[in-house]
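Heads up, the thing below is written out as structure tokens.
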Amino acid sequence: MNWDALSKPIPKPIIPLGLFPFIMEGGTATKSGFFLFQLLLLQNLLVMASKFLPSRLPLPLNSPRFHRLPSTNKKMIPIASFSSSSPSASSVDNSVRKQEEEEEELQEKVAQALTYHHQTKHGFANYARGPRGLDWANQPNPFRRYISASLLPLLHFPTDRPIVAVTDDAPLYSSLFHSLPPPKPISHSTISQLFFDSLALSAWKTTGFSTWSLRVNPSSGNLHPTEAYLIAPPIQSISDSPFVAHYAPKEHSLELRATIPSGFFPNFFPDNSFLIGISSIFWREAWKYGERAFRYCNHDVGHAIGAIAMAAATLGWDVKLLDGFGYKDLEKLMGLQFFPDFKIPSRPIKGKFLEIEFEHPDCLILVFPNGNNPFDVNYKELSSVVNEFTNLEWKGRSNSLSKEHICWDIIYRTAEAVKKPLTIQKGEFLVDQFKSSGICSENSYKGFTIREVVRKRRSAVDMDGVTVMDRQTFYQILLHCLPSGKGEKHRRQSTLPFRALSWDAEVHAAIFVHRVIGLPKGLYFLIRNEDHLEELKMATRSEFKWEKPEGCPDDLPLYELASSDCRELAKRLSCHQDIASDGCFSLGMVAHFEPTLSEKGAWMYPRLFWETGVLGQVLYLEAHAVGISATGIGCFFDDPVHELLGFRGSKFQSLYHFTVGGPVLDKRIMSLPAYPGPSIDA
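So for the sequence shown, the working numbering puts the first residue at 4; every next one is plus one.
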């Protein structure tokens, strides 16, 4: 869960003299302490500067209706161009002009992603724009349903031992990072288990007059913008025909939306495989978080990918993004093309418009038996077949989520800019060999099964400020955060669950160590793509040490940058939240940012957040597996984090923060079973 603040700016006071000791060691100011002190001075300057900043423009909350503007979206032009063997001068000029136009359009899309990213940064003086309070009367329904679609119940499974033994159905959590069990066949039972251990409800909570649900996959503010679709061959007890179904987590059931052509799977995919589509409803997050919501929706996509990958591994299944598909293909595959067209206004505006509740198709995941040989995926032919899905008989009408809405226009302009086009390619779909993660302290894990870990994972609301972690446990957690196998140079994402992603690692971690026995308090850096190491050294502060800490495993690229008590600093950088300083360690996920967008395209913008979400999912599970807890932190002051590290420009950007430590349990809150749950939608 990301804990964000309301977006009304609240300048903080000048730093009291009582905070100065945290930059001291042995009574003298250290070199590392000096740059931390510089950052705190920066906060003072920003607070003073805020007195001269113009106030936010008021949101037109009294507008009775949504103001529609003519659509200005450009159609994506195919990158490939063809000409005759002896072109005329005019055809050459046209080709050059066309290429220039294509390049200009691609640059405009990247510029829009960068504009969104910089506009939605939090700062010491101003938070990103959002609602000035929570409109509880219009809190979005967290459960999408397709009214009149057939509801197909899935099976439920026990979670607690001794009811559950350590078996093939529930292997030990830590064992999955070493090898996958033999693949199971697709059946009513295994499909039920996959969703039960990835996207289902995990519990209900109640206190006083409030009751709300929790899910296996975490979400920013527990708002759950993520929806899932199963596209599968015939499965006994579910459907006699290949089908598309929406997953309904409250009921743990499938809503049958359409049957699809019988040749779809045998013609294009390996035996015993199926697809899971992921989409996002931006409004669910924007209701609380305003303009920054697009970031959080994509964090949640990453968490969902990680959750699906872990649950699939339990069944001996591998997963991989089918990233050659374009936005339009995903829309037709999931039956989302029938939502009303959404025209983007020129400014934030409030009104009653159901169009804003549409689902944005994010990605498509292929689930297949592990150990498969490479196979061909012809995206061009696939796209042609999927184009006919528009003519299928789609069943069910989507339910309404809120009565009134606020449209944060920049979210939807950015979502348009980062839509991925179809990648026309034919050839082998490369499946990297499964790589085992590193091991240095297997005894750190408490012997939980994978189901115990994924279904009992919770987001800590507070940390106790007391719990400590030993150094070997810290190293073991970080080894499971690496993308490549033990003993390899880290770059290619081939370990669980990162192997689901289709690009080399682009995300690293700047770590504040607070309470790790055997490690000095201070700032550390985990390199997840070692090709970036020298570039990161050049981009960060010259006074950083870049030394391997004591006892660090050889295959763990962790570096100590500076020794200092960073608890107060970590708290201030994470929107003054104690939870960032009261754990064993906290971190900021740093992406190789603008170069990635410029090289690959604006569509990599959400994917960088997906990668942080997958990494966050590992941190959640690792924390629970060693007996403590964790929480994602979406509210942090972006540029002060960059100032701390010494980053200039947009080459590297912090995208997501996290904290790991001993949780404080609120005894006023009662926990209830996930199923059967209350009848309310919460």
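We put the beta carbon where it would ideally sit given N, CA and C, even for glycine. Keep in mind that this is a model prediction, so the values were computed, not measured.
From which residue to which residue does the beta strand (DSSP E) around Phe-515 run?
It spans 510 to 516 - the beta strand (DSSP E) in which Phe-515 sits, taken as one unbroken run.
As a quick exercise: from Arg-132, His-181, His-125, pick the residue whose alpha carbon is nearest that of Gly-488.
Of Arg-132, His-181, His-125, the residue nearest in Cα terms is His-181.
Taking the C-alpha atoms as reference points, what is the distance between Leu-197 and Lys-101?
Their Cα atoms are separated by approximately 47 Å.
Rounding to the nearest angstrom, what Cα-Cα distance links Glu-553 and Met-313 in this structure?
Each residue's alpha carbon lies about 32 Å from the other.
Does DSSP classify Ile-368 as helix, strand or coil?
Ile-368 falls in the strand class under three-state DSSP.
With distances taken Cα to Cα, identify the nearest neighbour of Thr-543 among Gly-374, Leu-648, Leu-155, Arg-400.
Considering only alpha carbons, the answer is Leu-648.
So, with DSSP's three-state summary, where would you put Met-51?
Low per-residue confidence applies at Met-51: pLDDT is 43, beneath 50, and the placement is therefore not dependable enough to give any value.
Output the distance between the C-alpha atoms of Cys-410 and Gln-122, rounded to the nearest integer angstrom.
Rounded to the nearest angstrom, the two C-alpha atoms are 16 Å apart.
Between the segment 295 to 310 and the segment 432 to 441, can you find at least three pairs of beta-carbon atoms closer than 8 Å?
Contact fails: fewer than three Cβ-Cβ distances are below 8 Å.
Indicate whether the contact test is met: 3 or more Cβ pairs, each with one atom in the segment 201 to 220 and one in the segment 447 to 465, closer than 8 Å.
In short, these stretches touch, since the Cβ pair count reaches three.
Report the residue from Leu-404, Pro-273, His-660, Trp-139 whose alpha carbon sits nearest the alpha carbon of Leu-739.
Outside the modelled stretch of the chain, which goes from 4 to 685, sits residue 739, for which no answer is possible.
Across the segment 280 to 288 and the segment 224 to 233, are there enough close Cβ pairs to call them in contact, namely three or more that are closer than 8 Å?
Touching, per the Cβ criterion.
Tell whether a beta-carbon distance below 8 Å holds between Leu-177 and Tyr-382.
Correcting the residue type first, residue 177 is Ser in the shown sequence and not Leu. Cβ distance not < 8 Å, so Ser-177 and Tyr-382 don't count as in contact.
Using C-beta distances below 8 Å, list every residue in its chain close to Lys-398, excluding the 5 sequence neighbours before and after it, in chain order.
Same-chain partners within the cutoff: Tyr-149, Ser-151, Ala-152, Ser-153, Leu-259, Arg-260, Ala-261.
Spatial neighbours of Gly-680 within its chain, please: C-beta separation below 6 Å, excluding the five flanking residues on both sides.
Closer than 6 Å at the Cβ level, and outside the excluded window around Gly-680, lie Trp-207.
Enumerate in chain order the residues of its own chain whose CB-to-CB distance from Lys-422 is below 6 Å, with the five nearest sequence positions on each side excluded.
Only Tyr-330 meet the Cβ criterion.
I'd like to confirm the pairing. Which residues does DSSP put opposite Tyr-678 in its beta bridges?
Looking at the DSSP assignment, Tyr-678 forms no beta bridge with any residue, so it has no partner.
If you follow the alpha helix (DSSP H) that Gly-616 is in, where does it begin and where does it stop?
Gly-616 -> alpha helix (DSSP H) spans 607 to 628.
Between which residues of its own chain and Gly-319 is the CB-CB distance below 8 Å, once the five residues before and five after are set aside?
Result list for Gly-319: Leu-183, Pro-184, Pro-185, Pro-186, Lys-187, Pro-372, Asn-373, in chain order.
For Thr-317, count the other beta carbons within 10 Å of its own beta carbon; 16 or more makes it buried, fewer makes it exposed. Which is it?
Counting Cβ neighbours within 10 Å, Thr-317 comes out buried, since at least 16 surround it.
To the nearest angstrom, how far is it from the Cα of Gln-340 to the Cα of Glu-362?
Distance between the alpha carbons of Gln-340 and Glu-362 is about 9 Å.
Hey, quick one: how far does the alpha helix (DSSP H) through Tyr-562 stretch, first residue to last?
Premise fails: Tyr-562 lies in the beta strand (DSSP E), 561 to 566, not in any alpha helix (DSSP H).
Could you check if Trp-613 is buried or exposed, using at least 16 other CB atoms within 10 Å of its CB as the buried criterion?
Result: buried.
With distances taken from CA atoms, which of Arg-416, Asp-326, Leu-395, Ser-405 is nearest Lys-691?
Nothing about residue 691 can be read from this structure; the chain reaches only from 4 to 685.
Could you please give the first and the last residue of the uninterrupted alpha helix (DSSP H) stretch that includes Phe-528?
Phe-528 -> not in any alpha helix (DSSP H); beta strand (DSSP E) instead, spanning 525 to 529.
Less than 8 Å between the beta carbons of Ala-512 and Pro-486, yes or no?
Their beta carbons are not under 8 Å apart, which means Ala-512 does not touch Pro-486 by this criterion.
Distance, Cα to Cα, Pro-269 vs Val-389?
Approximately 15 Å between the Cα atoms of the pair.
Is the segment 562 to 581 touching the segment 629 to 643, taking contact as three or more C-beta pairs under 8 Å?
Touching, yes, given that three or more Cβ pairs across the two stretches are closer than 8 Å.
Could you check if Ile-672 is buried or exposed, using at least 16 other CB atoms within 10 Å of its CB as the buried criterion?
Counting Cβ neighbours within 10 Å, Ile-672 comes out exposed, since fewer than 16 surround it.
Let me confirm a value: Phe-212 is counted as buried when at least 16 other C-beta atoms fall within 10 Å, else exposed. Which label applies?
Per the 10 Å Cβ criterion, exposed.
Ile-308: buried (16+ other C-beta within 10 angstroms of its C-beta) or exposed?
With 16 or more other Cβ atoms within 10 Å, it is buried.
If you draw a straight line from the C-alpha of Ile-3 to the C-alpha of His-120, how long is it?
Because the chain is modelled from 4 through 685, residue 3 falls outside the range shown and cannot be assessed.
Near Gly-521, which residues of its chain fall below 6 Å by C-beta distance, leaving aside the five closest residues on each side in sequence?
Excluding residues within five positions, the ones whose Cβ falls inside 6 Å are Arg-474.
For Asp-585, report the span of its beta strand (DSSP E) as first-last.
No beta strand (DSSP E) contains Asp-585, which DSSP labels as neither H nor E.
Check each candidate in Ala-628, His-535, Ala-131, Arg-400 and name the one with the smallest Cα separation from Ile-453.
Here the closest residue by C-alpha is Ala-628.
Return the CA-CA distance between Gln-115 and Val-380, expressed in angstroms with no decimal places.
Near 31 Å, if we compare the C-alpha coordinates of Val-380 and Gln-115.
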